[in-house]
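Just so you know, we're using the working numbering here: the sequence shown kicks off at 9 and counts up by one.
In what follows, a single structure is set out as structure tokens and then discussed.
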Amino acid sequence: MGILEKIAEIEKEISRTQKNKATEYHLGLLKAKLAKYRAQLLEPSKSAGAKGEGFDVMKSGDARVALIGFPSVVGSAAMPAGYKGANIQLLDLPGIIEGAAQGKGRGRQVIAVARTADVVIMMLDATKGDVQRALLEKELESVGIRLNRLKPNIYFKPKKCGGLSYNSTVPLTHCSEKLVQLILHEYSILSQEDCTPDEFIDVIVGNRVYMPCLYVYNKVDQISMEEVDRLARKSHSVVISCGMDLNLDYLLEKLWEYLALICIYTKKRGERPDFGDAIIMRRGATVEHVCHRIHRSLASQFKYALVWGTSTKYSPQRVGLTHVMEHEDVIQIVKK
Numbered sequence: 009m010g011i012l013e014k015i016a017e018i019e020k021e022i023s024r025t026q027k028n029k030a031t032e033y034h035l036g037l038l039k040a041k042l043a044k045y046r047a048q049l050l051e052p053s054k055s056a057g058a059k060g061e062g063f064d065v066m067k068s069g070d071a072r073v074a075l076i077g078f079p080s081v082v083g084s085a086a087m088p089a090g091y092k093g094a095n096i097q098l099l100d101l102p103g104i105i106e107g108a109a110q111g112k113g114r115g116r117q118v119i120a121v122a123r124t125a126d127v128v129i130m131m132l133d134a135t136k137g138d139v140q141r142a143l144l145e146k147e148l149e150s151v152g153i154r155l156n157r158l159k160p161n162i163y164f165k166p167k168k169c170g171g172l173s174y175n176s177t178v179p180l181t182h183c184s185e186k187l188v189q190l191i192l193h194e195y196s197i198l199s200q201e202d203c204t205p206d207e208f209i210d211v212i213v214g215n216r217v218y219m220p221c222l223y224v225y226n227k228v229d230q231i232s233m234e235e236v237d238r239l240a241r242k243s244h245s246v247v248i249s250c251g252m253d254l255n256l257d258y259l260l261e262k263l264w265e266y267l268a269l270i271c272i273y274t275k276k277r278g279e280r281p282d283f284g285d286a287i288i289m290r291r292g293a294t295v296e297h298v299c300h301r302i303h304r305s306l307a308s309q310f311k312y313a314l315v316w317g318t319s320t321k322y323s324p325q326r327v328g329l330t331h332v333m334e335h336e337d338v339i340q341i342v343k344k
């Protein structure tokens, strides 16, 4: 029996098993096996015939955005390559079809590239958005992409011997110690949250990608106002119309927010800030990160920095390398 047949058999078994206390351990083992087979399915082929089948794009710019959708949905037409001075690399990936995770329509190669993005934009047809969204989420979920979810706060360490050691710092309601022992017998687990069996399996497999996702519903000019309002109120969702240039500015604002980018301006002593050439950094970047972006040797020559902006108590404030910068801060670096 091939991997695809094994996956289909396990999925069928899960769907027909009623979830209750008596079956939770059986379901947990089935999900662990399913994750194992899906990981094997995504492993690159070692056969000679597989050479040249994949594709990738060299990462460039300040951020990478993957546009994912079905072949009939307009994608890159709504997205410029630059915004607020940031150079955004857009990957307008080939349209995904149902069954992409099993290799249909080069789906596995497409999804593999999507795993390298900073943000996923899921382009949906507003006239059938709920159906498309459910199918695409299922395909991405099956290849280890977790949308708009945080990585479980669980740490595990393999042991050479000694069996299973399990410690928890919170009351567990979803994933008991017995279920953990059934899923895994050769690891030491330190759990800091009440995780579900699916989250626990994600930690063990270790190849999951957690990334933000914007659900963009295009062609809203073809549906009623009530339906537009319903879609717009969904979490992580934006409604647009590429044909009518409707709401595209708001889409860019939301994309900037999800990318977590900030603009930082530099200033030379005795001169005005250079507002025409911003340094694009990730939210949470420190003065040291800014130094490395300007020049790789600048941090070693650093004495102190003067910062103007919302990250300081007063302007200018003298700060060190660990100071966290905010959007539109101005920095003047003084060397030794």
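Cβ atoms here follow ideal geometry from the backbone N, Cα and C, with glycine treated the same way.
For residue i, the nearest candidate out of the options (CA to CA)
i: M130; options: S245, C203, R277; result: S245
i: E145; options: T320, I76, Y91; result: I76
i: F5; options: A71, N95, V118; result: Residue 5 is absent from the model: the chain starts at 9 and stops at 344.
i: S243; options: D229, K262, E32, L254; result: K262
i: R241; options: K311, G317, D253, Y225; result: Y225
i: F283; options: K92, T330, L260, I231; result: K92
i: L267; options: L254, G292, D285; result: G292
i: P205; options: C183, R216, N215, V217; result: C183
Continuous alpha helix (DSSP H) stretch holding residue i: start and end
i: D138; result: 137 to 150
i: D257; result: 256 to 267
i: D100; result: No alpha helix (DSSP H) contains D100, which is instead part of the beta strand (DSSP E) from 94 to 100.
i: D3; result: Given a span of 9 to 344 for the chain in the structure shown, any question on residue 3 remains unanswerable.
i: S184; result: It is not in any alpha helix (DSSP H) - S184 carries neither H nor E in the DSSP assignment.
i: D210; result: 205 to 213
i: R238; result: 233 to 240
i: S68; result: Run containing S68: none; DSSP gives neither H nor E here.
Beta-carbon proximity check, residue i vs residue j, cutoff 8 Å
i: A134; j: V128; result: no
i: R277; j: Q325; result: no
i: G69; j: Q97; result: yes
i: E296; j: S319; result: no
i: P332; j: T294; result: Checking the displayed sequence, the identity of residue 332 turns out to be Val instead of Pro. Result yes, Cβ atoms of V332 and T294 sit closer than 8 Å.
i: V73; j: D126; result: yes
i: V298; j: I287; result: yes
i: A313; j: V327; result: yes
i: L38; j: I15; result: no
i: L148; j: Q140; result: no
i: A71; j: A94; result: yes
Paired residues, beta bridge with residue i - DSSP
i: Y312; result: V342
i: C271; result: I288
i: T294; result: V332
i: N226; result: D133
i: A74; result: L99, V128
i: D337; result: I272
i: L155; result: M219
i: R326; result: L314
i: Y91; result: A94
Range covered by the beta strand (DSSP E) that runs through residue i
i: M219; result: 217 to 219
i: S245; result: 245 to 247
### Query
Are there three or more Cβ pairs, one per stretch, closer than 8 Å when the segment 217 to 235 is compared with the segment 152 to 159?
yes
### Query
Do three or more CB pairs link the segment 241 to 258 to the segment 272 to 290 at distances below 8 Å?
no
#### Entry: At least three beta-carbon pairs within less than 8 Å, the segment 203 to 214 to the segment 26 to 44
yes
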